[in-house]
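Participant:
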Amino acid sequence: MKAKSLWMTALLMTSMAATAQDGPTMGWSSWNTYGVNINETLIKQQAQAMVGKGLRDVGYDHINIDDGYFGGRDQETGQLLIHPQRFPNGLSGIVKYIHDRKLKAGIYSDAGRNTCGSMFNGDVIGKGVGLYEHDQQDADFFFKELGFDFIKVDFCGGSYYHNEDHLVLDEQARYTAIAQAIKNTGRTDVRMNACRWAYPGTWIGDVAFSWRTTGDINDSWGSVKGIIAENLYLSAYCSKGSYNDMDMLEVGRSLTTEEDKTHFGMWCIMNSPLLIGCDLRSINSTALNLLKNKELIALNQDTLYQQAYVAGYIDGCHLIVKDLQQLYGTKRAFAVYNPNDESKTITVQFKDIDLDGKVRLRDAFLKRDLGDFTESYEVTIPAHGTRIYVADAENRLERTRYEAETGYIATYQEIKNNQAEKSGIYDAADYCAGGYKAGWLGMSEKNALEWRNVYSLTGGEYKMTIGFISGESRNITISVNGKKVQTVSANSGGWNKVGKKTITIQLEKGNNVIRLSNPSNWMPDIDYMELSLTNPSAINQQKVSDKGHGKTYDLLGRTAKVEKRGGILVNDGKKTLTKK
């Protein structure tokens with residue numbers, strides 16, 4: 004086998020095994036192209052096209068019926084009715100048709116009384132059909148009687164400024180109640196998507212399988228660009244079975260080829276659900292081939308379930324990266340995204356994505372090996388373009404730079420006024436290293452910025468530098484693994500100027516949690532946190548098991564190859580390890 008085949012085939016096999024299990028949902032949804040104008044024949048034809056065009060074979064397995072199928076409610080029993088003209092035979096036959104093709108069936112509802120279609124698309128027959136006051140009745144109907152496998156739950160009927168009865172419903176209470184109603188059916192395999200058009204709050208990870216993070220997508224570059232910008236800082240809120248939904252795909256409609264590539268590629272590497280929104284019956288071959296790109300899909304379905312995080316901001320382009328197959332291993336995927344209206348030539352320094360030595364690159368769009376490189380790789384990216392690579396390196400370095408937008412804020416939400424709620428936010432800032440900052444932190448112990456995955460191979464003493472922004476003196480309390488280390492006063496001399504504070508901390512071997520807080524007052528805004536070992540040349544001893552034989556590690560900021568089995572291996576500050 005060629006070198007490509009060995010490691011890429013392993014990646015594809017591992018990732019495809021996760022498809023339709025724990026990875027982001029893949030499939031098709033009716034809304035983007037058809038709105039409420041759907042019918043039984045259309046849905047069946049889309050299911051057949053998904054199979055016939057080979058999309059099922061690469062992982063797309065959901066056919067989701069969105070708004071427009073409703074026919075009101077029975078006034079005596081409250082039973083949900085199905086539209087008599089669009090779906091004259093009801094929905095049970097459609098679910099069976101979908102299941103017979105080894106696909107999953109998805110349905111739609113609203114957390115309030117009325118759906119978005121009934122309010123904004125003139126589909127008045129949809130009034131009163133939302134889940135509100137019918138949670139268990141509708142859940143039993145959808146999942147026990149009809150056998151649906153997925154539900155998208157909108158919030159037009161729950162948001163007072165959208166619905167005619169001006170209900171004021173609490174998002175957390177409603178979505179939690181709906182999730183419980185689904186659980187009560189006995190079904191444990193139903194996926195719920197919460198569609199509140201903004202990140203609802205950290206509670207959502209315990210309630211839904213995925214959640215919308217932005218307003219509705221539309222078939223334009225401006226929409227795609229805006230959605231990417233709002234998701235670059237959400238990597239800390241993604242995990243197995245919990246995904247930031249960047250909305251349905253507009254690929255195959257009217258975007259340019261480069262824009263379609265950026266759209267699909269960024270949705271893949273950022274672990275968004277992949278729900279096709281075009282007409283599968285007439286999709287053009289270029290778009291179809293893009294949507295069937297197994298190597299991009301493998302990034303989306305990788306079994307580490309990571310959303311790529313911001314690693315750099317280079318001449319207006321974003322560098323994002325994530326591990327593949329093994330945490331802190333030598334294989335990583337990275338993207339260089341150019342949102343600008345002109346092409347850019349960018350040099351990616353491998354140390355910025357924590358890789359060293361010889362790095363083998365593979366272009367995920369071209370599905371082609373590019374060769375071996377050292378130190379850096381230069382690429383020209385057209386306007387609105389993205390390039391995505393899988394990198395397989397000799398050495399993995401410890402991460403030294405942690406951008407604020409890769410950190411976790413327990414109070415983070417985008418629904419209520421963050422200043423009134425005293426909850427932290429992320430803001431775009433060109434003067435910051437990654438293009439974003441975390442702000443409005445402090446005023447409570449909970450409203451803190453945490454990096455929960457600070458990995459140290461051996462543990463030890465580190466210098467920690469905080470990049471901050473503050474036009475006045477404000478305090479930052481630094482804690483490591485739940486223990487307070489130090490409180491520092493910080494003033495950068497302006498609200499668009501980055502200052503630095505450096506302290507000494509002790510990290511444990513393995514994962515660490517670093518927390519910045521101020522329980523009683525506002526904190527400075529945070530740009531980044533940087534780590535470096537205090538004494539890279541010091542002798543460090545560690546036990547290495549037999550299975551570590553031949554693997555590469557980063558010790559005290561340097562790379563070294565484990566050449567012998569067992570015993571005590573000592574790093575003496577050189578590139579090799581010797582047995583003592």
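One point on numbering: in this note's numbering, the residue at position 266 of the sequence shown is 269, and numbering is uninterrupted.
Ideal placement from N, C-alpha and C gives every residue a C-beta, glycine not left out.
Alpha carbon to alpha carbon, how far is M251 from G208? Give it in angstroms, no decimals.
Facilitator: Residue mapping note: residue 208 aligns to position 205 of the sequence shown, counting from 1. Residue mapping note: residue 251 aligns to position 248 of the sequence shown, counting from 1. Rounded to whole angstroms, G208 to M251 spans 20 angstroms at the Cα level.
Participant: Could you check what DSSP says for R363 in three-state terms: helix, strand or coil?
Facilitator: Locating residue 363 in the sequence shown gives position 360, where the first residue counts as 1. R363 sits in a strand when the DSSP states are folded into three classes.
Participant: Can you give me the Cβ contacts of H165 inside the same chain, cut-off strictly under 7 angstroms, excluding the 5 residues immediately before and after it?
Facilitator: Residue mapping note: residue 165 aligns to position 162 of the sequence shown, counting from 1. For H165, where only same-chain residues beyond five positions count, the Cβ hits under 7 angstroms are M122, C159.
Participant: What did DSSP end up calling C198 once you bin it into helix, strand or coil?
Facilitator: Position 195 of the sequence shown holds residue 198. C198: coil per DSSP, three-state reduction.
Participant: Check whether the region 308-317 touches the region 420-430, taking contact to mean three or more Cβ pairs, one atom from each stretch, closer than 8 angstroms.
Facilitator: no
Participant: What does the alpha-carbon distance come out to for the pair G150 and G255?
Facilitator: For the purposes of this step, residue 150 is taken as the residue at position 147 of the sequence shown. For the purposes of this step, residue 255 is taken as the residue at position 252 of the sequence shown. Roughly 30 angstroms between the two C-alpha positions.
Participant: Closest to M526 by C-alpha separation, out of V351, T36, W498, would be which residue?
Facilitator: As a working note, residue 526 is residue 523 in the sequence shown. Of the listed residues, the one whose Cα sits closest to M526 is W498.
Participant: Excluding the 5 residues preceding and the 5 following C218 in the sequence, name in chain order all residues of the same chain whose CB lies nearer than 6 angstroms to its CB.
Facilitator: In the sequence shown, residue 218 corresponds to position 215, counting from 1. Correcting the residue type first, residue 218 is Gly in the shown sequence and not Cys. Once the five neighbours on either side are set aside, the close Cβ partners of G218 are W200.
Participant: Going by the CB atoms, is the gap between S32 and N67 shorter than 7 angstroms?
Facilitator: Residue mapping note: residue 67 aligns to position 64 of the sequence shown, counting from 1. Residue mapping note: residue 32 aligns to position 29 of the sequence shown, counting from 1. Yes.
Participant: Looking only at DSSP bridge pairs, what is S245 linked to?
Facilitator: Translated into the one-based positions of the sequence shown, residue 245 becomes position 242. Paired residues: S242.
Participant: Which residue marks the beginning of the alpha helix (DSSP H) containing K228, and which one marks its end?
Facilitator: Translated into the one-based positions of the sequence shown, residue 228 becomes position 225. Unbroken alpha helix (DSSP H) run through K228: 224-234.
Participant: Does the structure place the region 55-74 close enough to the region 125-139 that three or more beta carbon pairs sit under 8 angstroms?
Facilitator: yes
Participant: What do you get for G496, buried or exposed, if any count of 16 or more other CB atoms within 10 angstroms of its CB means buried?
Facilitator: The sequence position of residue 496 within the sequence shown is 493, counting from 1. It is exposed - the Cβ of G496 has fewer than 16 other Cβ atoms within 10 Å.
Participant: What residues in its chain sit with their C-beta under 7 angstroms from that of D143, if we drop five residues either side in the sequence?
Facilitator: If you number the sequence shown from 1, residue 143 lands on position 140. In the same chain as D143, and ignoring 5 residues on each side of it, the C-beta atoms closer than 7 angstroms to its own belong to T188, in chain order.
Participant: Are three or more beta carbon pairs between the region 505-517 and the region 453-461 nearer than 8 angstroms?
Facilitator: Counting Cβ pairs under 8 angstroms, three or more are found: they touch.
Participant: Which whole runs of the beta strand (DSSP E) in the region 383-466 are 3 residues long or more, in chain order?
Facilitator: Secondary structure in the region 383-466: the beta strand (DSSP E) runs of 3 residues or longer, each lying completely within the stretch, are 389-399, 404-406, 428-431, 439-442, 445-459 in chain order.
Participant: V491 lies in the alpha helix (DSSP H); which residues open and close that run?
Facilitator: On the sequence shown, position 488 is the one that residue 491 refers to. Counting along the chain, V491 falls outside any alpha helix (DSSP H), though it belongs to the beta strand (DSSP E) covering 486-493.
Participant: Can you name the start and end residues of the alpha helix (DSSP H) that E533 belongs to?
Facilitator: Here residue 533 is taken as the residue at index 530 of the sequence shown, counted from 1. No alpha helix (DSSP H) contains E533, which is instead part of the beta strand (DSSP E) from 528-536.
Participant: In chain order, what are the residue ranges of uninterrupted beta strand (DSSP E) at least 3 long that sit wholly in the region 151-193?
Facilitator: 153-157
Participant: Apart from the five residues on each side of it in sequence, which residues of its chain come closer than 8 angstroms, Cβ to Cβ, to E448?
Facilitator: Your numbering for residue 448 matches position 445 in the sequence shown. Result list for E448: S520, P522, in chain order.
Participant: For R477 and N524, which I take to be in contact (beta-carbon distance under 8 angstroms), what is that distance rounded to the nearest angstrom?
Facilitator: By 1-based counting over the sequence shown, the position of residue 477 is 474. By 1-based counting over the sequence shown, the position of residue 524 is 521. With a Cβ gap of about 7 angstroms, R477 and N524 count as contacting.
Participant: Can you give me the C-alpha to C-alpha distance between K487 and N421, rounded to a whole angstrom?
Facilitator: Position 484 of the sequence shown, counting from 1, holds the residue named residue 487. Position 418 of the sequence shown, counting from 1, holds the residue named residue 421. Computed Cα separation, rounded: 26 angstroms.
Participant: Within this structure, are the beta carbons of A239 and Y411 separated by less than 7 angstroms?
Facilitator: Working through the sequence shown from its first residue, we reach residue 239 at position 236. Working through the sequence shown from its first residue, we reach residue 411 at position 408. In contact: A239 and Y411 (Cβ atoms closer than 7 angstroms).
Participant: Quick one: using the 10 Å Cβ neighbour count with 16 as the cut-off for buried, is L84 buried or exposed?
Facilitator: What you label residue 84 is simply residue 81 of the sequence shown in a count that begins at 1. Exposed, by the Cβ-count rule.
Participant: M249 and I230 look like a contact to me (Cβ under 8 angstroms); what is the Cβ gap, rounded to whole Å?
Facilitator: Residue mapping note: residue 249 aligns to position 246 of the sequence shown, counting from 1. Residue mapping note: residue 230 aligns to position 227 of the sequence shown, counting from 1. At roughly 5 angstroms, the Cβ-Cβ gap stays under 8 angstroms, so M249 and I230 are in contact.
Participant: If you follow the alpha helix (DSSP H) that C271 is part of, which residue opens it and which one closes it?
Facilitator: Residue mapping note: residue 271 aligns to position 268 of the sequence shown, counting from 1. Per DSSP, C271 belongs to the alpha helix (DSSP H) from 260-272.
Participant: Give me the residue from G109, N196, K243 with the minimum Cα distance to S213.
Facilitator: If you number the sequence shown from 1, residue 213 lands on position 210. Checked all of G109, N196, K243; the closest Cα to S213 is N196.
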